[in-house]
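Asks: Can you keep this structure in mind? I'll have questions shortly.
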Amino acid sequence: MATKNYDLLFKLLLIGDSGVGKSCILFRFSDDSFNTSFIQTIGIDFKIKTIELDSKKIRLQIWDTAGQERFHSITTSYCRGAMGIMLVYDVTQARSFQNMNKWLHSIDDQASDDVVKMLIGNKCDMVDERCIPKQRGELLAREHSIKFVETSAKDNINIEKSFYEMARLILKRTAGNINNLPKSLPDLNRPNQTNCLYCM
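Residue numbering for the sequence shown follows the working numbering, starting at 789 and increasing by one per position.
Below you can see the structure in the form of structure tokens.
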């Protein structure tokens, strides 16, 4: 049996409308890469990354979800086991921001009461195309008493900061109590049940 090389396991979930950059955020954080092609997630996929925080090795199991309505039931079922949920909108797409209330209500219905939530306004590098001011994101976050950050997966702005802050908030919420945390990871050797479409 393999030796466990981490102290804690946190399951995180990225949710939001299709095309807001959830996959790009995930790949920037996990692989430090950015693909300029449009990536559409089909169903659910995840990445693993271990970080060090407060002298603990924390394994982050980060689930990337599809934003299309037909996959909404998949997303909500995964909410139930998440310890942290990052709600992502695109600062250049007004509808993706307007739909944040829908996603927040879905989390309230499906996720545990103590799940840590964070609001992320992605693509902040696209200054000329921006239509959602930073102040609107800050206001929405205050209304729901959650953290807010703007990011750019393309320019690697606040990506690492977001995940470390999420891990820090979960650690504070659980007080490092191992009894509150998942005991194991899924089998990473199983055939991948999801895939991506790369569209030029």
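Quick reminder that beta carbons are idealized off the backbone N, C-alpha and C, glycines included. Predicted model, so just to flag it, every value in this text is computed and none were measured.
Taking only three categories from DSSP, how would you classify residue 840?
Replies: Counting from 1 along the sequence shown, the entry for residue 840 is found at position 52. Three-state DSSP puts residue 840 in a strand.
Asks: Would residue 813 and residue 891 qualify as a contact pair, given that the criterion is a beta-carbon distance under 7 Å?
Replies: Here residue 813 corresponds to residue number 25 of the sequence shown, with the count starting at 1. Here residue 891 corresponds to residue number 103 of the sequence shown, with the count starting at 1. No, they are not a contact pair.
Asks: Do residue 837 and residue 873 have their C-beta atoms closer together than 7 Å?
Replies: The residue you call residue 837 lines up with position 49 of the sequence shown. The residue you call residue 873 lines up with position 85 of the sequence shown. Going by C-beta atoms, residue 837 is not nearer than 7 Å to residue 873.
Asks: Report the rounded CA-to-CA distance for residue 869 versus residue 918, giving the unit in angstroms.
Replies: To locate residue 869, count along the sequence shown from 1; it is residue 81. To locate residue 918, count along the sequence shown from 1; it is residue 130. Going by the C-alpha atoms only, they are around 34 Å apart.
Asks: Identify every residue that forms a DSSP beta bridge with residue 915.
Replies: Against the sequence shown, residue 915 aligns to sequence position 127. According to DSSP, residue 915 bridges with nothing at all.
Asks: Leaving out five residues before and five after residue 947 in sequence, what residues of the same chain have Cβ atoms less than 7 Å from its Cβ?
Replies: Here residue 947 refers to the residue found at position 159 when the sequence shown is read from its first residue. These residues qualify, in order along the chain: 813, 816, 817, 939, 941.
Asks: Please confirm whether residue 803 has its beta-carbon closer than 7 Å to some beta-carbon of chain B.
Replies: Judged by its chain identifiers, the structure shown contains no chain B, having just a single protein chain.
Asks: Going by the DSSP bridge assignment, what does residue 849 pair with across the sheet?
Replies: As a first step, residue 849 is located in the sequence shown; it is residue number 61 there, counting from the start. Answer is 799, 836.
Asks: Please state the DSSP three-state secondary structure of residue 936.
Replies: Sequence index remark: in the sequence shown, residue 936 carries index 148 (1-based). Strand, per DSSP.
Asks: Strictly by DSSP, which residues pair up with residue 901?
Replies: In the sequence shown, the residue the question calls residue 901 occupies position 113. Residue 901 is not bridged to any residue.
Asks: Give me whichever residues DSSP pairs with residue 906 in a beta bridge.
Replies: Along the sequence shown, read from residue 1 onward, the residue named residue 906 stands at position 118. Its beta-bridge partners are 874, 935.
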